[in-house]
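Numbering (full-length UniProt numbering), first residue to last: 1 to 264.
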Ligand SMILES: Nc1ncnc2c1ncn2[C@@H]1O[C@H](COP(=O)(O)OP(=O)(O)O)[C@@H](O)[C@H]1O
Ligand SMILES: [Mg+2]
């Protein structure tokens, strides 16, 4: 297939199978999705529907069995500095301070010491960790570690952020705070974001567009536009428009497999 596209991210008829005993397990089938520059897209769906597989393909950590994944019009052939990846587990170096963790990718990119420090401190401030810049990860709460991971991802200036259930391990209140902070960061430092979650509220609160996936085989089941203005505040979260969208997404997730609530 030679479809050309101006989309920032383009997934075209992707199929991914894994060997399973004597058969093959279809993790993704016929998945097509275009994401525009600076768009914030969330993906929600029951556990095992292929969300992480899709993200890993875009991150360059898995290859599609057939179909294509393109970033900036080019086939993804491996990880790249234009794609920052954030996982559920806090992937920080435990022996480095917050600042050194954030500086790490900048060092790899060859920036000098003072420039590294300046950039790191800017993003540490943006995620509200300035008082912990010299702390080691073990001194941070889960939410703070994830903020550090976000600062680290932003610091290397990727044009795309791929986030796989980054707030999944956090308590509800911390989650809400980090959602607001992520949107605040995104509004100041626009990026194209693909954010995976199994939380319907989170999917709606963050996104320009919510992609609902279904399992067996993993596929796109529905795509829902979220026409709520940014900045999104507590007020937006409690609005009737939000409730309506949440119900619509919930309905889409729930009714594909009655009895299996999203991700549980
Ligand atoms: N490396 C692998 N080998 C075999 N099966 C896999 C592999 N990775 C994922 N799968 C299977 O593919 C399906 C989708 O997995 P995943 O993308 O992790 O789903 P999700 O993130 O939506 O929970 C699951 O059933 C999982 O067991
Ligand atoms: Mg997953």
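In this text, a Cβ means the ideal position worked out from N, Cα and C, and glycines have one as well.
The model shown is predicted, which means the values in this text are computed figures rather than measured ones.
Check, Outcome
"Beta carbon of residue 212 nearer than 9 Å to that of residue 222", "yes"
"Euclidean distance between Cα positions of residue 242 and residue 150", "26 Å"
"CA nearest to the CA of residue 218, picked from 17, 9, 10", "17"
"Whole-number beta carbon distance between residue 28 and residue 53, since they are thought to touch under 8 Å", "6 Å"
"The region 168-179 in contact with the region 189-206 per 3-pair CB rule at 8 Å", "yes"
"Closer than 8 Å: residue 265 CB and nearest ligand 2 heavy atom", "This structure does not reach residue 265, given that the chain is present from 1 up to 264, and the question cannot be answered."
"Residue 42, DSSP secondary structure in three states", "strand"
"Among 65, 40, 101, nearest to residue 185 - alpha-carbon criterion", "40"
"DSSP three-state assignment for residue 251, whether helix, strand or coil", "helix"
"Distance cut-off 8 Å: residue 213 Cβ against heavy atoms of ligand 4", "Ligand 4 is not among the ligands present in this structure, which contains only ligand 1 and ligand 2."
"Near ligand 1: residue 203 beta-carbon under 8 Å from a heavy atom", "no"
"Spatial distance of residue 96 from residue 37 (CA atoms)", "33 Å"
"Residue 27 (DSSP reduced to helix, strand or coil)", "strand"
"Backbone CA spacing between residue 88 and residue 168 [nearest angstrom]", "6 Å"
"Distance between residue 226 and residue 244 (C-alpha atoms, nearest Å)", "10 Å"
"Near ligand 1: residue 91 beta-carbon under 8 Å from a heavy atom", "no"
"Residue from 118, 60, 65 with nearest C-alpha to residue 103", "118"
"Heavy atom of ligand 1 within 8 Å of residue 46 beta-carbon", "yes"
"Boundaries (first-last residue) of the alpha helix (DSSP H) holding residue 145", "142-155"
"Cβ-based neighbour list, residue 123, same chain, cut-off 7 Å, excluding 5 preceding and 5 following", "102, 151, 154, 155"
"Distance cut-off 8 Å: residue 165 Cβ against heavy atoms of ligand 2", "yes"
"Whole-angstrom C-beta distance between residue 14 and residue 26, which should lie under 8 Å", "With 8 Å as the limit, residue 26 and residue 14 do not qualify as a contact, their Cβ atoms being about 11 Å apart."
"The alpha helix (DSSP H) enclosing residue 18, as first and last residue numbers", "Premise fails: residue 18 lies in the beta strand (DSSP E), 9-20, not in any alpha helix (DSSP H)."
"Length of the line joining the Cα atoms of residue 272 and residue 22", "With the chain covering only 1 through 264, there is no way to say anything about residue 272."
"9 Å Cβ cutoff met for residue 35 and residue 192", "yes"
"Same chain only: Cβ atoms within 7 Å of residue 183, ignoring 5 sequence neighbours per side", "206, 230, 231, 232"
"Nonlocal neighbours in the same chain, by C-beta distance under 8 Å from residue 94, ignoring five residues either side", "136, 137, 138"
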